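According to my numbering, the sequence shown is numbered sequentially starting from 1.
Glycine is no exception: its CB is placed at the ideal position from the N, C-alpha and C atoms.
Everything numeric in this text was worked out from a predicted model, so none of it was measured.
Below is one structure, written out as structure tokens, with a few remarks after it.
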Amino acid sequence: EIRRLIRVGFCAVLCMCVLVAPAVWLTRHQTVAWMNVPAEFVRGAQRILPSLSVILILSGLNEVLAAAITASQRVGLANVLQSLGLVLNNVIVIATLRRGWGLSSLIAGQIVGFCVTLLTLYVTFSIIYGSLLPIPVRPTRKDIRVMSPYLGLLLIGSVSIVLRDQTDKLILARLKDAAWVGYYGIAARLASPI
Numbered sequence: 001e002i003r004r005l006i007r008v009g010f011c012a013v014l015c016m017c018v019l020v021a022p023a024v025w026l027t028r029h030q031t032v033a034w035m036n037v038p039a040e041f042v043r044g045a046q047r048i049l050p051s052l053s054v055i056l057i058l059s060g061l062n063e064v065l066a067a068a069i070t071a072s073q074r075v076g077l078a079n080v081l082q083s084l085g086l087v088l089n090n091v092i093v094i095a096t097l098r099r100g101w102g103l104s105s106l107i108a109g110q111i112v113g114f115c116v117t118l119l120t121l122y123v124t125f126s127i128i129y130g131s132l133l134p135i136p137v138r139p140t141r142k143d144i145r146v147m148s149p150y151l152g153l154l155l156i157g158s159v160s161i162v163l164r165d166q167t168d169k170l171i172l173a174r175l176k177d178a179a180w181v182g183y184y185g186i187a188a189r190l191a192s193p194i
């Protein structure tokens, strides 16, 4: 049942990606303009915004696997694996920035962090619960009925986390320059694993 529910979670993440990605693509120009991105970074920001959004949504796959690992009384292990991905993300961003990649460094870091986290969580899940066929499965009516109250509360919690985590970056972007947002983002991410 846990393996089936993980596949239901995968389905939810992929459906979210299909719904949100086109909206982000269509509104990328307005979003970048609203964030007050400096003129020299506008084209790059418009180019990477859809990709970053898709990677962040797909990170829900990692959250689904981490939830199952946590349910097996291995909270610390799930946290360490997710922190490893976060640290690698930051290391790649810093290394590629030093090589002059500019905003593309964000995509490189996100991809490496996402892939390493997904791989380590998948292997850990398979060790605990047995092999997992990572093919999405639609939720049943019973799943929807049982999970609906939880999903409502989860949605409220997710929105509040996004507002708490991202609002300060948006305010910094509107009031200062992009460098301040970068400094803040790196500091916040490095503080998280610590």
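Item, Value
"Between the C-alpha atoms of Ser-104 and Arg-43, what's the straight-line distance to the nearest angstrom?", "11 Å"
"Which two residues bound the contiguous alpha helix (DSSP H) that contains Thr-70?", "42-71"
"CA-CA distance, Leu-119 and Ile-111?", "12 Å"
"Along the chain, where does the alpha helix (DSSP H) that runs through Arg-98 open and close?", "75-98"
"With three or more C-beta pairs closer than 8 Å as the rule, is the segment 68-85 touching the segment 134-144?", "no"
"Check the C-beta distance from Ala-256 over to Ser-53 and give it rounded, since I have them as a contact under 8 Å.", "Since the displayed the chain opens at 1 and closes at 194, residue 256 lies outside it and no answer follows."
"Looking at the structure shown, is Trp-34 part of a helix, part of a strand, or coil, going by DSSP?", "helix"
"What is the DSSP secondary structure of Ile-135, reduced to helix, strand or coil?", "coil"
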